[in-house]
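Each residue of the sequence shown is one higher than the one before, starting from 2 at the first, in my numbering. Note that the Cβ used here is the ideal one computed from N, Cα and C, for glycine as well. Step one of this worksheet: look at the structure below.
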Amino acid sequence: MSEGNKTLVTEFVLTGLAEQPWLQVLLFLVFLVIYLTTMVGNLGLMALIWKDVHLHTPMYLFLGGLAFADACTSTSVTPRMLVNFLDKTAVISLAECITQFYFFASSATTECFLLVVMAYDRYVAICNPLLYPVVMSNRLCTKLISISYAVGFLHPLVHVSLLLRLTFCKSNIIHYFYCEILQLFKISCYDPSINALMILIFAAFIQISILMTIIMSYTRVLSDILKKKSEKGKGKAFSTCSAHLLSVLLYYGTLICMYVRPASGLAEDQDRMYSLFYMIIIPLLNPFIYSLRNKEVIGALRRIAKK
């Protein structure tokens, strides 16, 4: 096709998760309940941390920042997906597509950095408990949260700027439930190899370096826990770390499977499952992972309920 005969695409059709009308309605109801539960869980946890003075500690400040990032991750995709379930056309403009990708990538990057900050917090609390109040001051906590969000907002700009150099003419159909950047590469008129390479480099650098930092941090933490003579001390230390470790394993496991691999590494159905998990299911699970076995959070809920 010659350059002059190319019909450039400015709107896309999202195929979603299913084509059958009855299944579309069922999925709409399921994901509506999931989204409402996610927002109530994360925003409720933020409100509880803000309201109860007993939770004004570094660990819960970081948890509040994580809850907000989770709420943003889910909101970047789910409302549009719900509309598409009921709208047969499911058309999205190029500007909306790029905006959706930016906000998802921003909140996902922020969450990556917040998870490593939370690991550092647990490392100081368990390995250097006497220095903890001095090292993890409110000023440092605020700086770490601010840096996490700043990097989160800046990092996707690299990929957006590279995405803007592409034009789309092969098709206007995206076989996905949101504007996933790897799917956009498939319908680009031009070779997106540079874009894909930058995705791989940044994903590998951010995700693997952060994951290795978390692993080294928790190796030292677990070593110190096992040295404790008191069984009560071991139990308390394990309970404060287990929730964070579970969250890290779920989040980084799916992200690495999605982005730190060859482009042909997974079938599209597997891609969709991974995307659904880290974009919709993990933000739903995190408030419960951090709250259900947390005595301080449960105690705060009881105090608020009494008032």
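Roughly how many angstroms separate the alpha carbons of G254 and I211, rounded to a whole number?
The C-alpha of I211 is placed about 13 Å away from the C-alpha of G254.
| message | Taking 7 Å as the limit between beta carbons, can you name the residues of its chain near L28, skipping five residues before and five after? | response | Only residues of its own chain outside the window of five on either side were considered, and among them L18, A19, F86 have a CB closer than 7 Å to the CB of L28, listed in chain order.
Checklist line | Bridge-paired residues (DSSP) for E12 | finding: BP columns for E12 point to S94.
Coil, strand or helix - I175 by DSSP: In the structure shown, I175 adopts extended strand secondary structure according to DSSP, grouped into three states.
*Given a cut-off of 8 Å, decide if D53 and R304 are closer than it, judged by their beta-carbon atoms.*
Closer than 8 Å, so yes.
(request) Evaluate S265 with the Cβ neighbour count: other Cβ atoms within 10 Å of its Cβ, from every protein chain shown; 16 or more gives buried, anything less gives exposed. (result) Any answer about S265 is weak, because its pLDDT of 49 lies below 50 and its placement is not dependable; what the coordinates show is given next. Flag for S265 reads exposed.
- Is the number of C-beta pairs between the region 149-162 and the region 110-124 that are closer than 8 Å three or more? Segments in contact, yes.
Notebook entry, point to check: Apart from the five residues just before and just after F278, which ones in its own chain have a Cβ nearer than 6 Å to its Cβ?
Noted result: The answer, listed in chain order, is T255.
S149, DSSP secondary structure in three states: Here S149 sits in helix by DSSP.
What does DSSP give as the partner residue(s) for F169 in the beta ladder?
In the DSSP assignment, the residues bridged to F169 are S189.
What is the residue span of the alpha helix (DSSP H) that L293 lies within? Neither: L293 is in no alpha helix (DSSP H) and is coded neither H nor E.
Exercise. Could you tell me if Y291 is buried or exposed, where buried requires 16 or more neighbouring beta carbons within 10 angstroms of its beta carbon?
Key: Its Cβ being crowded by 16 or more others within 10 Å, Y291 is buried.
Kindly provide the ranges of any beta strand (DSSP E) runs that are 3 or more residues long and lie completely inside the region 67-140, ordered along the chain. Taking only runs of at least 3 residues, the beta strand (DSSP E) segments lying wholly in the region 67-140 are 92-94.
Among the candidates I283, F203, L185, H160, whose CA atom is the shortest distance from the CA of S172? Of the listed residues, the one whose Cα sits closest to S172 is L185.
Y219: first and last residue of the uninterrupted alpha helix (DSSP H) it sits in: Run containing Y219: 210-228, per the alpha helix (DSSP H) assignment.
Next item on the list: Using the Cα positions of C170 and F13, report the straight-line distance between them to the nearest angstrom.
Entry: Their Cα atoms are separated by approximately 11 Å.
Checklist entry - Straight-line CA distance for H245 to N196? => result C-alpha separation (whole angstroms): 32 Å.
- Message: For K144 and L15, I'd like the C-alpha separation in whole angstroms.
- Response: L15 has its alpha-carbon roughly 39 Å from the corresponding atom of K144.
* Of the listed residues A70, D272, M199, nearest to I146 (C-alpha basis) -> Nearest to I146 by alpha-carbon distance, out of A70, D272, M199, is A70.
- Query: In or out: T79 buried (at least 16 other Cβ within 10 Å) or exposed?
  - Reply: Classification of T79: buried, given that the 10 Å Cβ count is 16 or more.
Point to revise | Neighbourhood of S77 by C-beta, 7 Å cutoff - its chain only, sequence neighbours within 5 removed | key: Around S77: Q101, F104, F105, S108.
_Distance check for L62 and F289, CA to CA, integer angstroms please._
One C-alpha to the other measures close to 17 Å.
Keeping to the same chain, check which residues put their C-beta closer than 8 Å to that of I200; ignore five residues upstream and five downstream. Answer for I200: H160, I182, L183, Y260, listed in chain order.
For this session: Report the three-state DSSP secondary structure of A19 (helix, strand or coil).
Result: The answer is coil: DSSP assigns A19 none of H, G, I, E or B.
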